[in-house]
Amino acid sequence: MALRRCWRFAGVVPRLIWTTTVLPGASVSGGRGFVSNIINTHPGCKISVLLPRRFSSGSTSTEVDYEELKKLLAARKSVVIDVREPWELREYGFIPGSINVPLGQVNTALQLDPDDFKEKYGGEMPQQTENIVFTCLAGVRSKKALNTAASLGYNE
Numbered sequence: 006m007a008l009r010r011c012w013r014f015a016g017v018v019p020r021l022i023w024t025t026t027v028l029p030g031a032s033v034s035g036g037r038g039f040v041s042n043i044i045n046t047h048p049g050c051k052i053s054v055l056l057p058r059r060f061s062s063g064s065t066s067t068e069v070d071y072e073e074l075k076k077l078l079a080a081r082k083s084v085v086i087d088v089r090e091p092w093e094l095r096e097y098g099f100i101p102g103s104i105n106v107p108l109g110q111v112n113t114a115l116q117l118d119p120d121d122f123k124e125k126y127g128g129e130m131p132q133q134t135e136n137i138v139f140t141c142l143a144g145v146r147s148k149k150a151l152n153t154a155a156s157l158g159y160n161e
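Below, the structure is given as structure tokens:
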């Protein structure tokens, strides 16, 4: 159902070096990678440290592993909305297939006519019954976007 998943990027993602294998509990330092490289990260990388978490209106959150992320994106089972600002996408990269709707525009965007949404944001507007994945860099904005969508009638 809608709003079932909301992902949060760990603060280490922008600094991730693509060829580095990261172990659980390890810190990542130096270099500057791109968020889009997450999709291409080799399977040996311990994703629980690097990939987004899911949030729901319930109190539980679970880790999303590399394979699950790939499957969701490949199957297009969710609409992925990145609520970061356009300059952040240029600076840190983006998830292929995601739609950029900055947090300040989420409320208005989810009330647009589907054709207007597609024209303005370049992707299909999610239906109220679809899974929506909100992404951002640290999780704060994606949680706010989740709450905004819930207030507009998108539900679990």
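In terms of this note's numbering, the sequence shown opens at residue 6 and continues consecutively. No residue lacks a Cβ here, since even glycine has one placed at the ideal position from N, Cα and C.
Collapsed DSSP secondary structure at residue i in the structure displayed
i, result
"Thr113", "helix"
"Trp23", "Residue confidence is low: Trp23 scores 31 on pLDDT, short of 50, so the model does not pin down where it sits. No coordinate-derived value is stated."
"Tyr159", "coil"
"Pro131", "coil"
Where the beta strand (DSSP E) containing residue i begins and where it ends
i, result
"Thr140", "Asn136 to Thr140"
"Asp87", "Ser83 to Asp87"
Where the alpha helix (DSSP H) containing residue i begins and where it ends
i, result
"Val145", "Val145 to Ser156"
"Cys119", "First, the amino acid is wrong: residue 119 is Pro here, not Cys. Start and end: Pro119 to Tyr126."
"Pro107", "Where Pro107 is concerned, there is no enclosing alpha helix (DSSP H), given that its DSSP letter is neither H nor E."
"Glu182", "No statement about residue 182 is possible, as the shown extent of the chain runs from 6 to 161 and does not include it."
Given residue i as reference, the closest of the options once Cα atoms are compared
i, options, result
"Tyr97", "Lys125, Ala143, Thr153 and Tyr159", "Ala143"
"Ser103", "Arg95, Leu78, Asp118 and Lys125", "Leu78"
"Leu108", "Lys148, Glu72 and Ser156", "Lys148"
Closer than 7 Å: residue i CB and nearest the ligand NAP heavy atom
i, result
"Ala143", "The ligand content of the structure shown is nil, which means the ligand NAP is not present either."
Assumed close pair residue i, residue j - CB separation to whole angstroms, cut-off 8 Å
i, j, result
"Met130", "Phe122", "4 Å"
"Val84", "Val106", "Their Cβ separation, rounded to whole angstroms, is 10 Å, which puts Val84 and Val106 out of contact at 8 Å."
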